[in-house]
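S.K.: Before I ask anything, let me first share the structure, which is written out below as structure tokens.
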Amino acid sequence: MAMKRLQQEYKSICKDINTFYSISPSEDNFLKWDFIVIGPPDTIYEGGMFSGYIVFPSNYPISPPIVYFNNIIHPNVYDDGKVCISILHEGVDSWGYEKSYERWTPTHTVDSIMTSIISMLSDPNFESPANTNYSVLWKDKPDEYKKMIYHLVAKTQ
Numbered sequence: 019m020a021m022k023r024l025q026q027e028y029k030s031i032c033k034d035i036n037t038f039y040s041i042s043p044s045e046d047n048f049l050k051w052d053f054i055v056i057g058p059p060d061t062i063y064e065g066g067m068f069s070g071y072i073v074f075p076s077n078y079p080i081s082p083p084i085v086y087f088n089n090i091i092h093p094n095v096y097d098d099g100k101v102c103i104s105i106l107h108e109g110v111d112s113w114g115y116e117k118s119y120e121r122w123t124p125t126h127t128v129d130s131i132m133t134s135i136i137s138m139l140s141d142p143n144f145e146s147p148a149n150t151n152y153s154v155l156w157k158d159k160p161d162e163y164k165k166m167i168y169h170l171v172a173k174t175q
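Residue numbers (the numbering used here): 19 to 175.
Printed below as a string of structure tokens:
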């Protein structure tokens, strides 16, 4: 099921190119896709080129994939690069923070995941950060955080 769905999604992505990301399956594993996200305009990430990968479970789209960045600093990205956004969480939120419609459903696609990740760059979730150190720094010392990100953006170009 996952392979057929991913083949359809890849075909669609190739047809309707998004200017903020590039994505393609790994040569040796169709359940792992590599991507590059271009930092969106009017954000502190503008112009940066951030790479990562998505690992799809064999029962995709029933279960969500796991997304990792290789080279980004962000409040909603763990130190190991794993992205933490609502649409990648399945089931019911036992803490009651996320509404069920915000979480994973099989209607999500690679494109909706990538669009959410791009949105995350300009609008982090400070209420439930994956990386509390960067969350606190962004909120309490925004100039210091921006300087760090500007250096990162320059390094990725």
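For glycine and all other residues, C-beta sits at the position ideal for the given N, C-alpha and C.
(1) Can you list, in chain order, the residues of its chain with a C-beta nearer than 8 Å to that of S130? Leave out the 5 residues immediately preceding and following it.
(2) Would S176 pass as a contact of F144 if the rule is Cβ separation under 8 Å?
(3) Using 8 Å as the Cβ pair cut-off and three pairs as the minimum, do the stretch 167–175 and the stretch 77–86 touch?
(4) My guess is that F87 and I72 are in contact by the Cβ rule of under 8 Å, so how many angstroms apart are they, rounded?
(5) For the stretch 135–169, which segments carrying the beta strand (DSSP E) assignment without a break, of at least 3 residues, lie completely within its bounds, in sequence order?
(6) Would you call W109 buried or exposed, if buried means 16 or more other Cβ atoms sit within 10 Å of its Cβ?
(7) Around the C-beta of I167, are 16 or more other C-beta atoms found within 10 angstroms, so that it is buried, or is it exposed?
(8) Could you compute how far the alpha carbon of W156 sits from the alpha carbon of K50?
(9) Among V101, E64 and P83, which one has its Cα closest to the Cα of S146?
(10) Taking the C-alpha atoms as reference points, what is the distance between W55 and F68?
(11) Is M19 helix, strand or coil by DSSP?
(12) Which class does I131 belong to by DSSP, given the choice of helix, strand or coil?
M.R.: To lay it out plainly:
(1) Here residue 130 refers to the residue found at position 112 of the sequence shown. Same-chain partners within the cutoff: I105.
(2) What is shown of the chain runs 19 to 175, which leaves residue 176 out entirely.
(3) no
(4) For the purposes of this step, residue 87 is taken as residue 69 along the sequence shown, with counting starting at 1. For the purposes of this step, residue 72 is taken as residue 54 along the sequence shown, with counting starting at 1. No, F87 and I72 are not in contact; Cβ-Cβ is about 11 Å, not under 8 Å.
(5) none
(6) Stepping through the sequence shown from its first residue, residue 109 is reached at position 91. Looking at the sequence itself, residue 109 is Gly, so the reference to Trp does not match. G109 is exposed by the Cβ-count criterion.
(7) If you number the sequence shown from 1, residue 167 lands on position 149. By the 10 Å Cβ count, I167 comes out buried.
(8) Locating residue 156 in the sequence shown gives position 138, where the first residue counts as 1. Locating residue 50 in the sequence shown gives position 32, where the first residue counts as 1. Each residue's Cα considered, the two are about 31 Å apart.
(9) As a working mapping, residue 146 is identified with position 128 in the sequence shown. Ranking the options by Cα distance to S146, first place goes to V101.
(10) Within the sequence shown, residue 55 is the residue found at index 37, counting from 1. Within the sequence shown, residue 68 is the residue found at index 50, counting from 1. Before going on, a small fix: residue 55 reads as Val here, not Trp. Rounded to the nearest angstrom, the two C-alpha atoms are 5 Å apart.
(11) Within the sequence shown, residue 19 is the residue found at index 1, counting from 1. It is coil, neither helix nor strand.
(12) Within the sequence shown, numbered from 1, the residue matching residue 131 stands at position 113. Residue state, collapsed to three classes: helix.
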